[in-house]
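Here is the structure we will look at, set down as structure tokens.
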Amino acid sequence: MSDASDRPLLFLDSGIGGLGVLREARVLMPGRRFIYVVDDAAFPYGSWDEDKLQDHLVKLFRRLIETYRPAISVIACNTASTIVINELRKAFPGDLFVGTVPAIKPAAERSVSGLISVLATPGTVKRQYTRDLIRDYGARVHVRLVGSQNLAGLAENYMRRGFVDEEAVRAEIMPCFVEHEGRRTDIVVLACTHYPFLANRMRKTAPWPVDWIDPAEAIARRALSLAETLPEPDGSPSAPDLAVFTSGAPDPSQTRLMSGFGLALVGAQR
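Going by numbering that gives the first Met the number 0, the first residue of the sequence shown is number 0, and it counts up by one from there.
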């Protein structure tokens, strides 16, 4: 690769969640080449010790940067972003990184009832980073933090197999819905990139309508703002968009899913 105009944009998640962000980025940047890294060997990130996950991701990015020389790296995962984004910027000062954080600010600005919920993984819920966002941007509203143990896995299964237990989805989202002094929760922040793939099931099983905030477009637009500082691509990409599985062993349903997103599979990046 000769210069920044030829270098790909790299997206990383522990599973399929970042595909929604990738889809939005492709709409905004059709002339760019993309690499989607599925860190399935480490799925789910929420079960990791924070220090160990940080060390793992810094080491993984060292290999990814050496191999693919991305112009921009997008951490398409709230849990990973809150843990490692600052360390990545320190470790690779010449590289551009985009993180994913819960959309508490726009939710607080948009809420009419003043009751919002943040639906996240347990890891994101317990991060001080999340509580700092609430302190800085959620002072005028009541924010309920809801840590879901199972939604990311349900989304993975749904995207691979096309089926999800709607009662299981209902059980995971019900704590988001609060009634207080005649007011109801009116916004739920989807603070995990896996969750928007279940948005239709969430709407169907919710006890009342709410605004579900999907972070994908905002993340893609942030990547676009950085990409606009780089040289424009010279024509169409000369190589295909890639999917990289850190396990090196995607199952057939994962292979079909990546193919459906127009991604060519390559070997493991451990």
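Don't be surprised by glycine CBs; every beta carbon is placed ideally from N, CA and C. What you are looking at is a predicted structure, and each value in this text was computed from that prediction instead of being measured.
- Here ALA119 is bridged, per DSSP, to GLY146.
- Taken through DSSP and simplified to helix, strand or coil, HIS55 comes out as helix.
- Counted as a single uninterrupted DSSP element, the beta strand (DSSP E) harbouring SER72 occupies residues 71-74.
- By the beta-carbon neighbour count (other beta carbons within 10 angstroms, threshold 16), THR228 is exposed.
- Contiguous beta strand (DSSP E) elements confined to the segment 157-192 occur at 186-189, taking only those with 3 or more residues.
- The residue among GLY19, GLY16, ILE82 with its C-alpha nearest the C-alpha of ARG126 is ILE82.
- For the pair PRO69 and PRO7, the CB atoms are nearer than the 8 Å cut-off.
- PHE196 counts as buried, since at least 16 other C-beta atoms from the protein chains shown sit within 10 angstroms of its C-beta.
- Straight-line measurement puts the Cα of ASP210 at about 9 Å from the Cα of ARG202.
- The way I'd put it, the segment 96-113 does touch the segment 131-147; three or more beta-carbon pairs between them come closer than 8 Å.
- In the DSSP assignment, the residues bridged to VAL243 are VAL36, VAL265.
- Taking a cut-off of 8 Å on C-beta distances, the segment 210-222 touches the segment 71-78, as three or more cross pairs fall below it.
- For secondary structure counted as the alpha helix (DSSP H) over 4 or more consecutive residues, the segment 77-123 holds these complete runs in sequence order: 77-90, 103-109.
- Taking all protein chains in view, the Cβ of ARG62 is surrounded by fewer than 16 other Cβ atoms within 10 Å, so the residue is classified as exposed.
- If you ignore the 5 residues before and after GLY146, its C-beta comes within less than 7 Å of the C-beta of ALA119, THR120, PRO121, VAL124, all in its own chain and listed in chain order.
- Secondary structure at PHE260: coil, using DSSP grouped into helix, strand and coil.
- For LEU11, no alpha helix (DSSP H) encloses it; the enclosing beta strand (DSSP E) starts and ends at 8-12.
- Annotation: ILE212 is outside any alpha helix (DSSP H); the continuous beta strand (DSSP E) that includes it extends over 210-212.
- Leaving aside the five residues that flank VAL20 on each side, the residues in its chain whose CB is nearer than 7 Å to its CB run, in chain order, PHE10, VAL73, ALA75, THR192, ALA215, ILE218, ALA219.
- Spatial neighbours of GLN148 in its own chain (CB-CB distance under 7 Å, excluding positions within 5 residues in sequence) are listed in chain order as PRO121.
- Judged by DSSP secondary structure, ALA138 falls outside any alpha helix (DSSP H); it is assigned neither H nor E.
- The alpha carbon of SER110 has as its nearest neighbour, out of ASP185, ASP240, ALA205, the alpha carbon of ASP185.
- A Cβ-Cβ contact shorter than 8 Å links VAL188 with VAL117.
- If you look at GLU231, you'll find it isn't in any alpha helix (DSSP H); DSSP assigns it neither H nor E.
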